[in-house]
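All remarks here apply to the structure that follows.
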Amino acid sequence: MAPGAWTATGIRAAVAAGDLSAREVCARCLDRIAAVDGRLHAFTTVLEDAALARAEEVDAHRGAWRDRPLLGVPVAVKDIICTRGAPTTAGSRILAGYRPPYDATVVTRLLDAGAVIVGKTNCDEFAMGSSTEHSAYGPTRNPWAPDRIPGGSSGGAAAAVAAALAPVSIATDTGGSIRQPAAFCGVVGLKPTYGRVSRYGLLAFASSLDQIGPLTRTVEDAAAVLQVLAGPDPRDATTAEEPAPAMADLLPGNVGGTRIGVPRAALAAGVDAEVLDAFNAALALLAERGAEVCDVDLPHMQYAVPVYYLVAPAEASSNLARYDGVRYGHRAALHDAAAGVPEMYARTRSEGFGAEVKRRIMLGTYALSAGYYDAYYVHAQRVRSLIRSDYDAAFAGVDAIAMPTTPTPAFRIGERIDDPLAMYLGDVFTVSSNLTGLPAISLPAGLTRARLPLGFQLIGRPFDEATLLRIGDVLERDAPWRDERPPVSA
Amino acid sequence: MPTVLTAADVERIAALAHLDLSDAEVRLFTTQLAQILEYAQRLKEVDTSAVSATWHPGAAAPGLRPDTVRPSLPLEDALAGAPERGPEGLFRVPKVIE
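From first to last, the protein sequence lines are chains D and V. Counting from 1 along the first sequence, just add 1263 to a position and that's the residue number in this note's numbering. Counting from 1 along the second sequence, just add 18 to a position and that's the residue number in this note's numbering.
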């Protein structure tokens, strides 16, 4: 198996059959990271020794662990998810050198499934950003075009899978942070339903929006990893009791009689012509395979970006109050003998946080402050209800809703860094599924003439990831772009 | 929704958020936050007088579990990342009370 063809399901089968050892797989992965990642910077930490030791442990238990669903599969974990004893920075200076004393539930589940964690991936600071330029540790480059951003905030996660540094990344999506980089890097990115996957051990950004999910090469791999991650967790009271569907039963997918709705009015302006062409081509392919495509109306979707950029910063300003220099992370040195705790808080936070995090804390604190709370925060939460009502009404007539993942392909590094509002407006198609909690997937939808990847997004009913995966499998199987790979040589 | 944001507003918000901003940051955020809040004004078009707020998209009533005593993070692990430690398993902070 060449690294370019590596999938989680393929590796698992080869390791379980004894055709490949987990150590061999892990060593190839680490070799490729060593050869390529100096140029991409997808990883903030490569866990070389720990990964090889873990792979040897997997090999030693191969007989007993034969049925584990990710046996010997290398997985990259976004640096905002806690890994016991291994650096976890959230892309922030304030957590430089922090080593969590426990594993996130998703990490525990990956290890129980036989996976090998190979490293931590770069991201915008505390997942706030759409380009990975807001990482305190430097930007990640897009494997398809090194002068362009990989998307964000999970840019390292997407670049790692696209460049075959790992077959699977685990990341978070608060306003599109899995789907948008998946689109920009040409991989599959799944944001499960709110409540589907435990957030215990995730460094919280916006608790009513955050969700953990996989980035993979194939839909089949996304299904396999979701099944490992999903399910209730006594340590996260927001997890739902819904049992995870048996993903193996879903595939191969078919779309005969599946109804797919398209919010045409929302696509009328501000969408790049090549993005629309690719979107329509994917829809036509699904229609040819038997899907029924029709229009749906989501009249309040136009308000999703302003609602999101009030709600998410408000929650962030509250969640990030914990970074105070007392229990973990950076603490500012106080040279003034009279300085007390308030000075320590303010100096620690000012030294530790970067510009985008400060901007959002400021915006959120403003939206929650006396005199503005009702006009901004509460009003936004009411418009949020209208956005959800639009989706509920649309799902009375369709099984899934399709739209492009992003209005443009990946932009150039530096292009939007000084214009936060322009950066936020690019999230127009992703934020509404976080506000509503609905599951959504970004699937590769081909390349622009300049060979930049584009994404086809599907949004589903609550806890109906199965329909998204079934449709995605059909699109992937028959798509003319399925064998396209980025020009990254070792 | 007021649209005008002054440097004094930004400084007041920074104090609430425990952030020390430089003069350059105050100037930058005054402009940028005003732009973002101006953009958010379009929400005023929406009549929400008959709509209740969605605080989170989860189940209306999260499941409750019995409140039973069980092992938690060991003290030594909890203190391992502390920037400064005091005696007897404590975090040390600058003097609070004279």
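Beta carbons: idealized from backbone N, C-alpha and C, even for Gly.
Nearest-angstrom Cβ-Cβ length linking residue i and residue j, presumed shorter than 8 Å
{"i": "P57 of chain V", "j": "P1576 of chain D", "result": "Looking at the sequence itself, residue 57 of chain V is Tyr, so the reference to Pro does not match. No, Y57 of chain V and P1576 of chain D are not in contact; Cβ-Cβ is about 13 Å, not under 8 Å."}
{"i": "V1288 of chain D", "j": "G1335 of chain D", "result": "5 Å"}
{"i": "G1520 of chain D", "j": "G1553 of chain D", "result": "7 Å"}
{"i": "R1404 of chain D", "j": "R1302 of chain D", "result": "7 Å"}
{"i": "H1221 of chain D", "j": "E1614 of chain D", "result": "Here chain D covers residues 1264 to 1753 and nothing more, so residue 1221 of chain D does not appear."}
{"i": "A1426 of chain D", "j": "V1646 of chain D", "result": "Going by Cβ atoms, the distance from A1426 of chain D to V1646 of chain D rounds to 40 Å, so no, they are not a contact pair."}
{"i": "V1338 of chain D", "j": "L1283 of chain D", "result": "Not confirmed; about 16 Å, so no contact."}
{"i": "V1691 of chain D", "j": "P1670 of chain D", "result": "6 Å"}
{"i": "V44 of chain V", "j": "V28 of chain V", "result": "5 Å"}
{"i": "R1651 of chain D", "j": "W1407 of chain D", "result": "The pair is not a contact, with the Cβ atoms about 35 Å apart (cut-off 8 Å)."}
{"i": "F1389 of chain D", "j": "L1583 of chain D", "result": "7 Å"}
{"i": "H1304 of chain D", "j": "G1452 of chain D", "result": "Actually they are not in contact, since the Cβ atoms of H1304 of chain D and G1452 of chain D sit about 19 Å apart, beyond 8 Å."}
{"i": "L1293 of chain D", "j": "A1314 of chain D", "result": "7 Å"}
{"i": "S1416 of chain D", "j": "S70 of chain V", "result": "About 31 Å; that fails the 8 Å criterion."}
{"i": "V1573 of chain D", "j": "Y1639 of chain D", "result": "A small correction: the amino acid at residue 1573 of chain D is Leu; Val does not occupy that position in the sequence shown. Indeed they touch by this definition, with Cβ atoms about 5 Å apart."}
{"i": "A1528 of chain D", "j": "L1698 of chain D", "result": "Not really, about 19 Å apart at Cβ, beyond 8 Å."}
{"i": "V1369 of chain D", "j": "S1461 of chain D", "result": "6 Å"}
Nearest residue (CA-CA) to residue i, options the options
{"i": "D1587 of chain D", "options": "V:E29, V:A35, V:S70 and V:V28", "result": "V:A35"}
{"i": "S1393 of chain D", "options": "D:L1333, D:L1684 and D:I1734", "result": "D:L1684"}
{"i": "E94 of chain V", "options": "D:I1344, D:P1363 and D:A1327", "result": "D:P1363"}
{"i": "T66 of chain V", "options": "D:T1671, D:L1597 and D:A1643", "result": "D:A1643"}
{"i": "G1458 of chain D", "options": "D:M1564, D:V1424 and D:R1498", "result": "D:R1498"}
{"i": "V1589 of chain D", "options": "D:R1612, D:A1600 and D:L1453", "result": "D:R1612"}
{"i": "T1435 of chain D", "options": "D:G1464, D:R1411 and D:G1476", "result": "D:G1476"}
{"i": "F1719 of chain D", "options": "D:E1578, D:V1574, D:A1567 and D:A1544", "result": "D:A1544"}
{"i": "I31 of chain V", "options": "D:A1633, D:R1724, D:G1709 and D:A1485", "result": "D:A1633"}
{"i": "E1747 of chain D", "options": "D:L1732, D:L1717, D:A1729 and D:H1563", "result": "D:L1717"}
{"i": "A1595 of chain D", "options": "D:A1601, D:S1581, D:R1610 and D:D1560", "result": "D:R1610"}
{"i": "T1501 of chain D", "options": "V:V64, V:D85, V:G76 and V:L91", "result": "V:G76"}
{"i": "A1541 of chain D", "options": "D:L1710, D:A1271, D:F1447 and D:A1579", "result": "D:L1710"}
{"i": "G1524 of chain D", "options": "D:F1658, D:M1686 and D:L1731", "result": "D:F1658"}
{"i": "G99 of chain V", "options": "D:M1391, D:H1563, D:H1304 and D:Y1591", "result": "D:Y1591"}
{"i": "T24 of chain V", "options": "V:E43, V:A52, V:L37 and V:S40", "result": "V:A52"}
{"i": "I1676 of chain D", "options": "D:A1742, D:E1728 and D:F1447", "result": "D:F1447"}
{"i": "A1271 of chain D", "options": "D:V1340, D:T1481, D:A1390 and D:T1699", "result": "D:T1481"}
{"i": "V1559 of chain D", "options": "D:D1653, D:P1670, D:V1620 and D:T1395", "result": "D:D1653"}
{"i": "M1391 of chain D", "options": "D:S1695, D:R1291, D:F1616 and D:G1281", "result": "D:F1616"}
{"i": "V111 of chain V", "options": "D:E1606, D:R1622 and D:Y1635", "result": "D:E1606"}
{"i": "P1330 of chain D", "options": "D:D1727, D:V1538 and D:A1276", "result": "According to the sequence shown, residue 1330 of chain D is Asp rather than Pro. Out of D:D1727, D:V1538 and D:A1276, D:A1276 has the C-alpha closest to the C-alpha of D1330 of chain D."}
{"i": "S1471 of chain D", "options": "D:L1732, D:F1726, D:D1484 and D:V1694", "result": "D:V1694"}
{"i": "R83 of chain V", "options": "D:L1626, D:E1578 and D:E1504", "result": "D:E1504"}
{"i": "G1464 of chain D", "options": "D:E1578, D:K1341, D:V1574 and D:R1623", "result": "D:K1341"}
{"i": "T1456 of chain D", "options": "D:M1686, D:T1479, D:Y1629 and D:Q1490", "result": "D:Q1490"}
{"i": "H1324 of chain D", "options": "D:A1313, D:T1368 and D:A1279", "result": "D:A1279"}
{"i": "G1377 of chain D", "options": "D:Y1608, D:G1326 and D:R1623", "result": "D:G1326"}
{"i": "G1414 of chain D", "options": "D:W1744, D:R1724 and D:M1686", "result": "D:M1686"}
{"i": "S1526 of chain D", "options": "D:L1631, D:T1307, D:L1721 and D:P1743", "result": "Note that residue 1526 of chain D is Pro in the sequence shown, not Ser. The shortest C-alpha separation from P1526 of chain D is found at D:L1721."}
Bridge-paired residues (DSSP) for residue i
{"i": "F109 of chain V", "result": "V:R103"}
{"i": "S1705 of chain D", "result": "D:G1452 and D:Q1720"}
{"i": "S1432 of chain D", "result": "D:A1339 and D:L1478"}
{"i": "R1331 of chain D", "result": "Note: R1331 of chain D sits in no beta bridge, so no partner."}
{"i": "E1666 of chain D", "result": "According to the sequence displayed, residue 1666 of chain D carries Met and not Glu. Bridge partners of M1666 of chain D: D:Q1720."}
{"i": "K1383 of chain D", "result": "D:T1308 and D:V1340"}
{"i": "V1525 of chain D", "result": "D:D1558"}
{"i": "L1710 of chain D", "result": "D:P1716"}
{"i": "V1691 of chain D", "result": "Note: V1691 of chain D sits in no beta bridge, so no partner."}
{"i": "A33 of chain V", "result": "Its beta-bridge partners do not exist; DSSP assigns none."}
{"i": "N1405 of chain D", "result": "D:A1408"}
{"i": "D1655 of chain D", "result": "Beta-bridge pairing links D1655 of chain D to no other residue."}
{"i": "D1496 of chain D", "result": "D:D1499"}
{"i": "T1346 of chain D", "result": "D:A1349"}
{"i": "R1675 of chain D", "result": "D:R1411"}
{"i": "V1460 of chain D", "result": "D:A1493"}
{"i": "L1465 of chain D", "result": "D:I1344"}
Contact test: residue i Cβ vs the ligand SAM heavy atom, cutoff 8 Å
{"i": "P112 of chain V", "result": "Judged by which ligands are present, the structure shown has none, so any question about the ligand SAM falls away."}
Discussion item. To be precise: take each residue of the segment 71–100 of chain V, compare its Cβ to all Cβ atoms of chain D, and keep it if any distance is under 7 Å. Which residues remain?
Written reply: A71, T72, W73, H74, P75, G76, A77, P80, G81, R83, L91, D95, A96, A98, G99 and A100
Worksheet item: the segment 1642–1666 of chain D: which residues have C-beta closer than 8 Å to a C-beta of chain V, in chain order?
Response: Legend: CB atoms of the segment 1642–1666 of chain D lying less than 8 Å from CB atoms of chain V belong to residues H1642, A1643, Q1644, R1645, V1646, R1647, S1648, L1649 and R1651.
Item to complete: Check distances from the C-beta atoms of the segment 1344–1355 of chain D to those of chain V and list, in chain order, the residues that come in under 8 Å.
Response: none
Practice prompt. For the segment 27–45 of chain V, enumerate the residues whose C-beta is nearer than 9 Å to any C-beta of chain D, in chain order.
Written response: D27, V28, R30, I31, A32, A33, L34, A35, H36, L37, D38, L39, S40 and E43
Discussion item. Under 7 Å, CB to CB, which of the residues in the segment 1390–1405 of chain D have a partner in chain V?
Written reply: So the list is empty, because no residue satisfies the distance condition.
Discussion item. Measuring CB atoms only, is the segment 1510–1520 of chain D touching the segment 1727–1737 of chain D, in the sense that at least three cross pairs come out at less than 8 Å?
Written reply: yes
Practice prompt. State whether the segment 1655–1664 of chain D contacts the segment 1408–1425 of chain D, with contact taken as three or more CB pairs (one from each stretch) at a distance under 8 Å.
Written response: Using a C-beta cut-off of 8 Å, the segment 1655–1664 of chain D makes no contact with the segment 1408–1425 of chain D, since fewer than three inter-stretch Cβ pairs fall below that distance.
Worksheet item: Any contact of the segment 1436–1443 of chain D with the segment 1699–1710 of chain D, i.e. 3+ C-beta pairs under 8 Å?
Response: yes
Discussion item. Using a Cβ distance threshold of 8 Å, determine whether the segment 1355–1373 of chain D contacts the segment 1292–1309 of chain D, with at least three qualifying pairs required.
Written reply: no
Item to complete: May I ask you to list, following chain order, the residues of the segment 1597–1609 of chain D that have a beta carbon less than 9 Å from some beta carbon of chain V?
Response: Listed in sequence order: L1597, A1602, G1603, V1604, P1605, E1606, M1607, Y1608 and A1609.
Practice prompt. Could you please tell me which residues of the segment 1359–1373 of chain D, in chain order, have their CB closer than 9 Å to any CB of chain V?
Written response: G1360, Y1361, R1362, P1363, P1364 and Y1365
Item to complete: Anything in the segment 1576–1600 of chain D with a Cβ closer than 8 Å to a Cβ of chain V? List those residues in chain order, please.
Response: S1580, A1584, D1587, G1588, V1589, R1590, Y1591, G1592, H1593, R1594 and L1597
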